[in-house]
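A.B. asks: Heads up, the sequence shown is in my numbering, so the first residue is 260 and it goes up one at a time. Virtual Cβ for every residue (Gly too), placed ideally from N, Cα, C. Got a structure for you, questions after.
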Amino acid sequence: MEIAYWLIGTLLALCVGSFLNVVIYRLPQQVMNPQPAIPLLLPRSHCPHCQTTLRAIDMLPLLSWLLLRGRCRYCHHPVSLRYPLTELLTAAISLALAWLLPPDSCLPAALLLAWILLALTLIDIEHLLLPDALTLSLLWLGLLLKALHWLPGTLHDAVFGAVAGYSALWLIGELYQLIKKRPGLGGGDAKLLAALGAWLGWALLPFVLLLACTGAILFVLLARLGWQRELYHVLPFGPWLALAGISLFIHTII
Numbered sequence: 260m261e262i263a264y265w266l267i268g269t270l271l272a273l274c275v276g277s278f279l280n281v282v283i284y285r286l287p288q289q290v291m292n293p294q295p296a297i298p299l300l301l302p303r304s305h306c307p308h309c310q311t312t313l314r315a316i317d318m319l320p321l322l323s324w325l326l327l328r329g330r331c332r333y334c335h336h337p338v339s340l341r342y343p344l345t346e347l348l349t350a351a352i353s354l355a356l357a358w359l360l361p362p363d364s365c366l367p368a369a370l371l372l373a374w375i376l377l378a379l380t381l382i383d384i385e386h387l388l389l390p391d392a393l394t395l396s397l398l399w400l401g402l403l404l405k406a407l408h409w410l411p412g413t414l415h416d417a418v419f420g421a422v423a424g425y426s427a428l429w430l431i432g433e434l435y436q437l438i439k440k441r442p443g444l445g446g447g448d449a450k451l452l453a454a455l456g457a458w459l460g461w462a463l464l465p466f467v468l469l470l471a472c473t474g475a476i477l478f479v480l481l482a483r484l485g486w487q488r489e490l491y492h493v494l495p496f497g498p499w500l501a502l503a504g505i506s507l508f509i510h511t512i513i
């Protein structure tokens with residue numbers, strides 16, 4: 260039974276990863292090209308290169324990419340490695356959470372949080388964008404779960420955490436722009452911290468910022484040492500907020 264539990268869990272997690280690939284691909288297009296609107300679920304997935312609609316056999320999580328050797332069945336154009344990596348990463352994170360947390364704890368909530376944060380992370384890395392559809396959904400989901408007492412803490416803490424999270428990064432962003440005369444933080448970062456405030460409560464927000472800033476600074480330092488040059492491109496802050504947020508969430512419920 261235990262083997263079947265982990266096998267079924269792995270297959271389901273790979274399917275979730277496949278759906279996250281759709282979200283990661285289509286949601287930024289909706290934001291950047293609102294007209295005409297691109298539905299998230301329809302039409303069916305197609306090859307971005309030849310536009311051929313994919314059949315079910317072409318969309319088997321991980322397996323299709325391996326069988327087709329990373330190429331489209333119809334035009335033989337290479338398929339991005341991001342697709343199988345996203346599915347594998349989703350499965351790995353899901354299995355790790357299932358191993359760390361008992362099923363009768365906050366496991367379903369932890370999985371939802373991790374999946375949404377993973378989608379936000381990959382979108383921010385690729386597009387420097389944190390879509391409202393995900394950040395605000397995460398915010399309202401956190402408030403709802405706190406109201407239903409399905410998460411530790413009170414609704415009052417969640418509301419105050421959301422307000423404090425947004426206000427903190429909004430203020431930092433405004434001060435940076437005032438001093439440097441250029442944007443430093445996007446509005447999506449403030450909304451993401453607001454969502455994490457709803458999930459974690461206001462008391463953990465300083466630790467979220469501390470961990471996120473530490474991770475970002477270490478990354479920049481290591482990158483400069485490795486590449487021996489300045490980093491002129493913009494560094495997405497969303498992935499570091501996401502990593503800090505899920506780490507602290509797991510720490511609070513273990």
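Could you give the C-beta distance for S353 and G268, rounded to a whole number, given that I count them as a contact under 8 Å?
C.D. replies: Counting from 1 along the sequence shown, the entry for residue 353 is found at position 94. Counting from 1 along the sequence shown, the entry for residue 268 is found at position 9. The Cβ separation is near 7 Å, so the contact holds.
A.B. asks: Could you give the C-beta distance for L428 and L452, rounded to a whole number, given that I count them as a contact under 8 Å?
C.D. replies: Mapped onto the sequence shown, residue 428 falls at position 169. Mapped onto the sequence shown, residue 452 falls at position 193. Yes, they are in contact, since the Cβ atoms of L428 and L452 sit about 5 Å apart, within 8 Å.
A.B. asks: Looking only at C-alpha atoms, which of D416, L410, Q310, L326 sits nearest to G456?
C.D. replies: Mapped onto the sequence shown, residue 456 falls at position 197. With distances taken between Cα atoms, G456 lies closest to D416.
A.B. asks: Could you have a look at Y330 and say whether DSSP puts it in helix, strand or coil?
C.D. replies: Position 71 of the sequence shown, counted from the first residue, corresponds to residue 330. Before going on, a small fix: residue 330 reads as Arg here, not Tyr. Strand at R330.
A.B. asks: DSSP three-state label for P337, please.
C.D. replies: Translated into the one-based positions of the sequence shown, residue 337 becomes position 78. In this structure, P337 counts as strand in the three-state DSSP scheme.
A.B. asks: Please report how far the alpha carbon of V290 lies from the alpha carbon of E261, in whole angstroms.
C.D. replies: Numbered from 1 along the sequence shown, position 31 holds the residue referred to as residue 290. Numbered from 1 along the sequence shown, position 2 holds the residue referred to as residue 261. In a straight line, the C-alpha of V290 is about 43 Å away from that of E261.
A.B. asks: Going by DSSP, name the residue or residues bridged to H305.
C.D. replies: By 1-based counting over the sequence shown, the position of residue 305 is 46. The partner list for H305 (beta bridge, DSSP) reads T312.
A.B. asks: Let me know the alpha helix (DSSP H) ranges lying completely inside the segment 447–485, each 4 residues or longer, listed in chain order.
C.D. replies: Complete alpha helix (DSSP H) runs here, min 4: none at all.
A.B. asks: So L464 packs on S506, CB below 8 Å; how close in whole Å?
C.D. replies: What you label residue 464 is simply residue 205 of the sequence shown in a count that begins at 1. What you label residue 506 is simply residue 247 of the sequence shown in a count that begins at 1. No, L464 and S506 are not in contact; Cβ-Cβ is about 14 Å, not under 8 Å.
A.B. asks: Quick check on the DSSP output: the alpha helix (DSSP H) that includes M318 runs from which residue to which?
C.D. replies: Position 59 of the sequence shown, counting from 1, holds the residue named residue 318. Unbroken run through M318: none, as it is neither H nor E.
A.B. asks: If I measure Cβ to Cβ from W499 and keep anything under 6 Å in the same chain, skipping five residues before and after, which residues do I get?
C.D. replies: As a first step, residue 499 is located in the sequence shown; it is residue number 240 there, counting from the start. Hits under 6 Å: A471, G474, A475.
A.B. asks: Taking the Cβ atom as the reference point for each residue, do L344 and L356 lie within a distance shorter than 8 Å?
C.D. replies: Translated into the one-based positions of the sequence shown, residue 344 becomes position 85. Translated into the one-based positions of the sequence shown, residue 356 becomes position 97. Not a contact, by the Cβ cut-off of 8 Å.
A.B. asks: Whose C-beta lies closer than 7 Å to the C-beta of L321 among residues of the same chain, with five residues either side of it excluded?
C.D. replies: The residue labelled residue 321 in the question sits at position 62 within the sequence shown. Around L321: L273, P343, E346, L347.
A.B. asks: Ordered along the chain, which non-local residues of its own chain (more than five positions away) have a Cβ less than 6 Å from that of L414?
C.D. replies: Position 155 of the sequence shown, counted from the start, is the residue given in the question as residue 414. Closer than 6 Å at the Cβ level, and outside the excluded window around L414, lie K405, A406.
A.B. asks: My guess is that G546 and Y435 are in contact by the Cβ rule of under 8 Å, so how many angstroms apart are they, rounded?
C.D. replies: Residue 546 cannot be examined here, being either before or after the span of the chain that is shown, 260 to 513.
A.B. asks: Can you give the Cα-Cα distance for T311 and L372, rounded to whole angstroms?
C.D. replies: Within the sequence shown, the letter at position 52 stands for residue 311. Within the sequence shown, the letter at position 113 stands for residue 372. Near 33 Å, if we compare the C-alpha coordinates of L372 and T311.
A.B. asks: Which class does P411 belong to by DSSP, given the choice of helix, strand or coil?
C.D. replies: Here residue 411 corresponds to residue number 152 of the sequence shown, with the count starting at 1. The answer is coil: DSSP assigns P411 none of H, G, I, E or B.
A.B. asks: Taking the alpha carbon of L379 as the point to measure from, which residue in R332, L393, A368, V422 has its own alpha carbon closest?
C.D. replies: For the purposes of this step, residue 379 is taken as the residue at position 120 of the sequence shown. Comparing Cα positions, the closest option is L393.
A.B. asks: Let me confirm a value: A449 is counted as buried when at least 16 other C-beta atoms fall within 10 Å, else exposed. Which label applies?
C.D. replies: Your numbering for residue 449 matches position 190 in the sequence shown. With 16 or more other Cβ atoms within 10 Å, it is buried.
A.B. asks: Which same chain residues, not among the five before or five after L387, have their C-beta less than 8 Å away from its C-beta?
C.D. replies: Here residue 387 is taken as the residue at index 128 of the sequence shown, counted from 1. Here the set comprises G445, V493, P495.
A.B. asks: Going by beta carbon distance, what residues of the same chain come within less than 8 Å of T349, once the five residues before and after it are set aside?
C.D. replies: Locating residue 349 in the sequence shown gives position 90, where the first residue counts as 1. Answer for T349: A272, L273, V275, G276, L279, W374, L377, listed in chain order.
A.B. asks: Can the beta-carbon of W409 be found closer than 8 Å to that of A368?
C.D. replies: The residue you call residue 409 lines up with position 150 of the sequence shown. The residue you call residue 368 lines up with position 109 of the sequence shown. Their beta carbons are under 8 Å apart, which means W409 touches A368 by this criterion.
A.B. asks: Within 10 angstroms of the Cβ of I283, are there 16 or more other Cβ atoms? Answer buried if so, exposed if not.
C.D. replies: Stepping through the sequence shown from its first residue, residue 283 is reached at position 24. By the neighbour-count rule (16 or more Cβ atoms within 10 Å), I283 is buried.
A.B. asks: Taking the C-alpha atoms as reference points, what is the distance between G401 and C331?
C.D. replies: Mapped onto the sequence shown, residue 401 falls at position 142. Mapped onto the sequence shown, residue 331 falls at position 72. So the alpha carbons of these two residues sit roughly 39 Å apart.
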